[in-house]
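K.L.:
Counting in the working numbering, the sequence shown tops out at residue 468, every number present.
Mind having a look at this structure? Questions to follow.
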Amino acid sequence: MNDVPSSLVPGSRFAGYRIEEFLGAGGMAAVYRAYHEGMGREVALKVLAAALAGDVAFRRRFEREAHLVAKVEHPHIIPVYEADQEQDFGVPFIAMRLVRGGDLRAIVSREGYMTAGRAAAFVSPVASALDTAHEAGLVHRDVKPANMLVDVGRGRPEHVYLSDFGLARGVDTVGLSAGDLTTPGQFMGTPEYAAPEQITGGEVDGRADQYALGCVAYTLLTGSVPYPREQAIAVMYAQLYDPPPLVTGIRRDLPLAVNQVLGRAMEKKADDRYESCIAFADALREALDLPSWGSEGVRPSPRGQRNASGGQVPPGYSQTQLAPRHQGREPVQVSAGGPTSYDTRTGTWSAVVAADRDYYRSVWATDVSPEEITPFPEDSPVRRFPLSGTELLIGRRSTSKGIHPEIDLTLPQGGPLTDTGVSREHAKLVAGPDGNWSIVDLGTENGTLVNGREIPASTPIPLRHGDQINLGMWTVITITHD
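Below you can see the structure in the form of structure tokens.
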């Protein structure tokens, strides 16, 4: 294996990605903001450290779990676009969604402990994500605040993503007695959030992740790790033998019942913990006297009100009444796949972007001279964007204005024309708790059409498999559910 460059500078290329910015590095990997021209999107590119890339066992586990997690669909698991190894250097990398709000470790370090409601708003979705991963045969092994990324946006709630499956780092256990360890040497994880069975080399399953999530909940509620010690070996000893600390020892404003809930999640024996992560999260919300997860609804966007189900169709806009504006026109042929009736809570929703010649012909007035007409992009690529999270902005990227749409319709310079009829922040796709998606026009000058009919601004319009969204001069987005 060749040595990977110690750093990748902006403008350099790695595995088909153009490096835009160095974001940070730890003992395991360096992370860059990068752009993939083929996918037409910015990503967070995580490149493994050369030392770990040379660890055959770690590489195999990393590659296996990176590919597995890429197949797990959950709105709070970070979407993985690619997991592979760079050909020239033989170094594994992951390309995943770029999240700009930082992580929970940074938030706690900057702001201190959280209110009960805010802490629970992070714990519940992560618990749900973990249970979904466990059902797919994945164990995270390194659940901690630094691996919980927070996406933020104007007028919408914080959205947490669980990241870094399979990236748990080895920790030296020399110093613990032979009776403490099944296999002396190392364990995979972070001492401050590691379950006892993980430290001792015992069998690790989803209950170890639940223990770690209990430690995370303690950190969010108190601003401290459960066992603050100067040495990692002392932390591991405390995880093995010390009773769970009392949250109310620091937060006297919280109910005493919280101690009991965290104490059960952090039981030394896995069999004594909750039956699932979400069972723990639900018990925590009950102890904190909070409503059940998902019952609070979603805060409204300043551009328009919507309810917890993603919004209702406004009067006169039922889906059966959305008729094509141009009768007899043939829709753009995009393979949607999937059955005509299905359970929308499962499967994968996607937005397939293409250029629509018939729509292009319809937008130009008859008295416009040929010299004024922007030519149709014959070579415009078809791009597929998997839908995940709670909201996805549709528009055109502007680095200077800080606009980075998840569905970015900007095309690389020198290639096919970008549809400049699309606004920088044109529309957004909004997910409902029932698994369905709606589209909201953000008050753009050129408007948005669904199945040929213009929709009102700031009003969520529910979408179904096969629906077509037109915007700009030629852009068509086909919604698919596979």
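Every residue gets a Cβ at the ideal spot worked out from N, C-alpha and C, and that includes glycine.
Compute the distance between the beta-carbons of VAL55 and LEU90, then report whether it is under 9 Å.
P.N.:
Not in contact: VAL55 and LEU90 (Cβ atoms no closer than 9 Å).
K.L.:
Taking the alpha-carbon of ARG83 as reference, which of ASP342, GLU97, ARG19, ARG46 has the nearest alpha-carbon?
P.N.:
The candidate whose alpha carbon is nearest that of ARG83 is ARG19.
K.L.:
Whole angstroms are fine: how far does the CA of SER110 sit from the CA of ALA273?
P.N.:
Going by the C-alpha atoms only, they are around 13 Å apart.
K.L.:
When the Cα atoms are used, what is the spatial distance from HIS60 to ARG237?
P.N.:
Each residue's Cα considered, the two are about 33 Å apart.
K.L.:
Looking at SER149 and ILE264, is the spacing between their C-beta atoms short of 9 Å?
P.N.:
The answer is no: Cβ separation not under 9 Å.
K.L.:
Cutting at 6 Å between CB atoms, please list the residues of its own chain near THR434, excluding the five before and the five after it.
P.N.:
So the list reads ALA413, ASP427, ILE441, LEU457, once near-sequence residues are dropped.
K.L.:
Quick one: residues in its chain with C-beta nearer than 8 Å to the C-beta of GLU121, no 5 flanking neighbours on either side, listed in chain order?
P.N.:
Nothing meets the Cβ criterion.
K.L.:
Taking only runs of the beta strand (DSSP E) that begin and end inside the stretch 350 to 433, which ones reach a length of at least 3 residues, in chain order?
P.N.:
Counting only runs of 3 or more, we get 369 to 372, 377 to 381, 411 to 417, 423 to 427.
K.L.:
Nearest-angstrom Cα distance between GLN196 and VAL94?
P.N.:
For GLN196 and VAL94, the distance between alpha carbons rounds to 20 Å.
K.L.:
My guess is that ALA115 and VAL77 are in contact by the Cβ rule of under 8 Å, so how many angstroms apart are they, rounded?
P.N.:
Actually they are not in contact, since the Cβ atoms of ALA115 and VAL77 sit about 28 Å apart, beyond 8 Å.
K.L.:
Would you identify the three-state DSSP class for LEU232, choosing helix, strand or coil?
P.N.:
Coil.
K.L.:
Counting only beta-carbon atoms, is PRO131 nearer than 9 Å to chain D?
P.N.:
Here there is only one protein chain, and chain D is not present.
K.L.:
Is LYS387 buried or exposed, if buried means 16 or more other CB atoms sit within 10 Å of its CB?
P.N.:
It is exposed - the Cβ of LYS387 has fewer than 16 other Cβ atoms within 10 Å.
K.L.:
Take MET252 and list the residues in its own chain whose beta-carbon comes closer than 6 Å to its own, dropping the five residues that flank it on each side.
P.N.:
Result list for MET252: TYR197, GLY200, PRO230, in chain order.
K.L.:
For ALA180, which three-state DSSP category applies?
P.N.:
Residue state, collapsed to three classes: coil.
K.L.:
Considering MET222, what are the terminal residues of the alpha helix (DSSP H) in which it resides?
P.N.:
218 to 227 is the span of the alpha helix (DSSP H), which, as asked, contains MET222.
K.L.:
Pull the bridge partners of LYS32 from the DSSP assignment, please.
P.N.:
According to DSSP, LYS32 bridges with VAL17, ILE80.
K.L.:
Using a Cβ-Cβ cut-off of 7 Å (strictly less than) and excluding sequence neighbours within five positions of ALA106, which residues of its own chain qualify?
P.N.:
If we look at ALA106 and ignore the five residues flanking it on each side, its Cβ neighbours are LEU270, ARG271, LEU274, LEU276.
K.L.:
In angstroms with no decimal places, state the Cα-to-Cα distance between GLN217 and GLY175.
P.N.:
Those two C-alpha atoms are separated by around 15 Å.
K.L.:
Let me check understanding here. Comparing Cα to Cα, which of GLY235, ASP239, ILE185, ASP258 lies closest to LEU226?
P.N.:
Of the candidates GLY235, ASP239, ILE185, ASP258, the one whose C-alpha sits nearest the C-alpha of LEU226 is ILE185.
K.L.:
Give the secondary structure of LEU449 by DSSP, where H, G and I count as helix, E and B as strand, and everything else as coil.
P.N.:
It is coil, neither helix nor strand.
K.L.:
On a Cα-Cα basis, can you pick out the residue from GLY429, ARG439, MET459, ILE455 that is closest to THR445?
P.N.:
Closest option to THR445, Cα to Cα, is GLY429.
K.L.:
Closer than 7 Å by C-beta to GLY103: which residues in its own chain qualify, once you throw out the five before and the five after it? Chain order, please.
P.N.:
LEU276.
K.L.:
Should TYR99 and GLY24 be called a contact, given that it needs their Cβ atoms to be closer than 9 Å?
P.N.:
It is not a contact, given that the beta carbons lie outside the stated cut-off.
K.L.:
Locate the beta strand (DSSP E) running through HIS467, then write down its first and last residues.
P.N.:
Its beta strand (DSSP E) spans residues 461 to 467.
K.L.:
Would you tell me roughly how many angstroms separate the C-alpha atoms of GLY418 and GLY192, rounded to the nearest one?
P.N.:
One C-alpha to the other measures close to 27 Å.
K.L.:
Could you give the distance in angstroms between the alpha-carbon of VAL138 and the alpha-carbon of VAL146?
P.N.:
Going from the Cα of VAL138 to the Cα of VAL146 covers about 9 Å.
K.L.:
Using a threshold of 9 Å, state whether the C-beta atoms of ASP405 and ALA341 are closer than that.
P.N.:
Cβ distance < 9 Å, so ASP405 and ALA341 count as in contact.
K.L.:
Kindly indicate the opening and closing residues of the alpha helix (DSSP H) around GLU97.
P.N.:
Run containing GLU97: 90 to 97, per the alpha helix (DSSP H) assignment.
K.L.:
Given a cut-off of 9 Å on the beta-carbon distance, is the pair SER380 and ALA337 in contact?
P.N.:
First, the residue type needs correcting, since residue 380 is Ile and not Ser in the sequence shown. In this structure, ALA337 lies closer than 9 Å to ILE380 by Cβ.
K.L.:
Quick one: residues in its chain with C-beta nearer than 7 Å to the C-beta of ASP365, no 5 flanking neighbours on either side, listed in chain order?
P.N.:
Excluding residues within five positions, the ones whose Cβ falls inside 7 Å are PRO402.
K.L.:
If you run the structure through DSSP and keep just helix, strand and coil, what is SER149?
P.N.:
SER149: coil per DSSP, three-state reduction.
K.L.:
Could you tell me the alpha carbon to alpha carbon distance between MET222 and PRO177, rounded to whole angstroms?
P.N.:
If you take the alpha carbons of MET222 and PRO177, they lie about 6 Å apart.
K.L.:
If you run the structure through DSSP and keep just helix, strand and coil, what is ILE239?
P.N.:
Sequence inspection shows Asp at residue 239; the Ile mentioned does not correspond to that position. Here ASP239 sits in coil by DSSP.
K.L.:
For PRO143, which three-state DSSP category applies?
P.N.:
Strand, per DSSP.
K.L.:
How far does the beta strand (DSSP E) with TYR213 in it extend, from its first residue to its last?
P.N.:
That residue, TYR213, is in no beta strand (DSSP E); it is neither H nor E in DSSP.
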